[in-house]
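Here's the structure we're looking at; comments come further down.
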Amino acid sequence: MKVVVADPIAEDGLAVLREQASVETPRRTDLERALEDADALVVRSETHVTQPLLEHAPRLRVIGRAGAGVDTIDVSAATARGIVVVNAPGGNAVAAAEHTLALMFALARRIPAADTALKRGEWARNRYVGTELTGKTLGLVGLGRVGTEVARRALGLEMRVLVFDPYVPDEHVRRLGLEPLELNSVLEGADFVSLHVPLTEATRGILNAERLAHIRSSAFMVNCARGGLVDSQALLEALDAGRLAGAGIDVWDPEPVSADDPLPKHPRVVGTPHLGASTVEAQTNVALQVARDVLAVLDGRPAQFAVNAPNLRPEDAEALQPYLDLVVMLGKLATQLAEGNVRSAEIAYRGEVAEHSVDVLTAAAIQGLLEPISATPVNLVNARLLAHERGFEVVETRSTTPAQYTSLVRVTVRTGHGSTSVAGVVSDGRANVVQIDDYELHLAPTAGYMLVTQHVDQPGMIGLVGTLLGQADINISSMQVGRRAPRGEALMLLSVDEPVPSSVVERIREAGKMPSIRVIKL
């Protein structure tokens, strides 16, 4: 077996690979040639694994990312070629958490400025009086793996910790000794605000000018997550105006930072060049994790952190394979339709599908539930673990007695505001949504986005929505309406080819006087 390691990884990881495979570390210009007979490829963030690159790798069976993010890998192209993608999502959590605390200390005690002054020969003790972290309040935006590690260390410093994470149950937050609050309340109450959420369409610019205005002028902001979470111009203006005491920044948008970017040069900014995971220990951890998973895949065993590899028992594979797409879709729908923090979920199987071992389907449903909200890539292997880490209870029920359909799967999520239920079937090999709460419909989504509206059933409503989407150059691929009674409450489900901008959503909401309208990303 041949493993190509395209980017530098820790020697411990290389040693594990060399025990069972031939390892080649080519220069960048020789990568395509090296992949011609390679069974595995290991990368970090420097090498971009694109579809054209994969065309030079006809034997490739697994791609290992020595780190968490897989945004530099075309996972869809790899999946289409039957290539498993594995990563190491937890190997650098401690390093990133410690870097967050390091920036907090540097800001609070003004260490970089004092160090620079000392090197200039100045002895200016009175100029660099700082503040203690003990007794202060930390506001965490996001409580994933890194956020949780930061919280544990902050509690050790006797800090009060406020948390905003709409996808982690309040009970789980409280069990950790933390306080769950809404975002603005966290921003207003914190002496330090630290970001630990994934960069998605929903979180991009989560700290914009409006939200930055909620942070007290004596507070500090720290970002070791993703650069796009913060509106850089708004942050710069807040720092210039003295509306924020300082910012510790490890991640930038874009990277690398341009030489004329004023933000890294700002006197109130302590910056580092994306060093959150750059420790000897973290690099060793991720190298060992990815090396072991790469060898597992090459040996025909399941990987612990596979991003795209389903695992079906041979005796169930033919019957259950069509249901994998269905349950993932139902999970994504349920999470994005739910109101509030999802505390628990029930995956119910009815009819013939319940005659099989459905563990893999439940894992796939959990994957769908978590994918819209998780910074860590979710897959069939790690879905249950990630749900457990979030304090997310999942119940599986089965009944071989069919109801309206020969086989049906229902995903129900519960929040503090109630429950949301989505049901579906497989028809002609395609996943179909047949019920949302008590609205009956029948739609096979054919695009990457859905628009779900609640409205009063009345003449012209379908035309109104179609017209406004058409004016915005958004194509509808399919549509269904379910209603409780003629001219009563109704629900419209549209499969659309493009994401619907918030401005268009608001126009539809206002024109149709709709109490609820959601954009769903599949």
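All residue numbers for the sequence shown refer to my numbering, where the first residue is 2 and numbers rise by one. A virtual CB, placed ideally from N, CA and C, is assigned to each residue, including glycine. Note that the structure is a prediction, hence the values are computed from the model and not measured.
- prompt: Pairing CB atoms from the segment 327-339 with CB atoms from the segment 496-515, are three or more of them under 8 Å?
  reply: no
field: Buried or exposed (CB count within 10 angstroms, at least 16 for buried), Asn224
entry: buried
query: Among Leu158, Ile477, His267, which one has its Cα closest to the Cα of Ile444?
result: The amino acid occupying residue 444 in the given sequence is Leu; Ile does not appear at that position. Among Leu158, Ile477, His267, the Cα nearest to that of Leu444 belongs to Ile477.
Range of the contiguous beta strand (DSSP E) that encloses Leu213: Per DSSP, Leu213 belongs to no beta strand (DSSP E); it is in the alpha helix (DSSP H), 210-213.
task: Grab me the residues of Ala288's own chain with a C-beta within less than 7 Å of its C-beta, minus the 5 sequence neighbours each way, in chain order.
output: Ile10, Ala11, Asp13, Gly14, Ala67
The segment 241-253 / the segment 263-280 touching (three or more Cβ pairs under 8 Å): yes
task: Select from Gly417, Val426, Lys266, Leu386 the residue whose C-alpha is nearest the C-alpha of Gln405.
output: Val426
Extent of the continuous alpha helix (DSSP H) run through Ala94: 94-110
message: At the level of alpha carbons, what is the spacing between His453 and Asp38?
response: Note that residue 453 is Val in the sequence shown here, rather than His. Their backbone Cα atoms lie some 48 Å apart in a straight line.
task: Quick one: which unbroken beta strand (DSSP E) runs of 3-plus residues sit fully inside the segment 4-61? Chain order, please.
output: 23-25, 41-44
- prompt: Taking three-plus beta-carbon pairs below 8 Å as touching, is the segment 76-96 in contact with the segment 277-296?
  reply: yes
query: If you scan the segment 193-241 from start to end, which runs of the beta strand (DSSP E) of 3 or more residues do you find wholly inside it?
result: 193-196, 221-224
field: Three-state secondary structure assigned by DSSP to Asn309
entry: coil
- prompt: Would Val328 count as contacting chain C if we go by Cβ distances under 8 Å?
  reply: The structure shown has no chain C; it contains just one protein chain.
message: I'd like to know whether the C-beta atoms of Met451 and Gly513 end up nearer to each other than 8 Å.
response: no
task: Verify whether the separation of the beta carbon atoms of Asn309 and Val85 is less than 8 Å.
output: yes
field: Cβ neighbours of Arg293 in the same chain (closer than 8 Å, five flanking residues each side left out)
entry: Val17, Gln305
message: Are the CB atoms of Val87 and Val379 within a distance shorter than 8 Å?
response: no
field: Nearest-angstrom beta carbon gap, Ala424 and Val410 [assumed within contact, 8 Å]
entry: 7 Å
- prompt: Looking at C-alpha atoms only, which residue of Leu36, Glu47, Ala81 is the closest neighbour of Pro59?
  reply: Leu36
query: Are Val63 and Val295 closer than 8 Å when you measure CB to CB?
result: yes
- prompt: Cα-Cα, which of Leu523, Val501, Ala448, Tyr440 is closest to Arg487?
  reply: As written in the sequence, residue 487 is Pro, which differs from the Arg given in the question. The option with the nearest alpha carbon to Pro487 is Tyr440.
- prompt: Alpha carbon to alpha carbon, how far is Phe193 from Gly143?
  reply: 14 Å
field: Sequence ranges, beta strand (DSSP E) only - wholly within the segment 124-156, length at least 3
entry: 138-142
task: Check whether the segment 163-178 touches the segment 105-122, counting contact only when three or more Cβ pairs, one atom from each stretch, lie closer than 8 Å.
output: no
- prompt: How long is the line joining the alpha carbons of Ile521 and Thr101, rounded to whole angstroms?
  reply: 33 Å
Cβ separation of Ala239 and Phe221, assumed to be a contact under 8 Å, to the nearest whole Å: The Cβ separation is near 12 Å, so there is no contact.
query: What residue from Ala191, Leu200, Leu523 has the CA that sits closest to Arg217's CA?
result: Ala191
field: Straight-line gap, Arg34 to Thr336 (C-alpha atoms, nearest Å)
entry: 44 Å
- prompt: Measuring CA to CA, which of His357, Pro257, Asp262, Gly369 is closest to Gln234?
  reply: Asp262
Three-state secondary structure (DSSP) of Glu499: coil
Contact set for Ala432: own chain, Cβ-Cβ below 7 Å, skip 5 residues either direction: Asp326, Leu327, Met330, Gly425, Ala445
task: Can you tell me which of Ala491, Val44, Ala152, Tyr129 puts its alpha carbon nearest to the alpha carbon of Ala97?
output: Ala152
- prompt: What's the C-alpha gap between Arg391 and Gly145?
  reply: 8 Å
- prompt: Are the Cβ atoms of Met160 and Leu134 separated by less than 8 Å?
  reply: yes
- request: May I ask you to report which of helix, strand or coil DSSP gives Tyr324?
  value: helix
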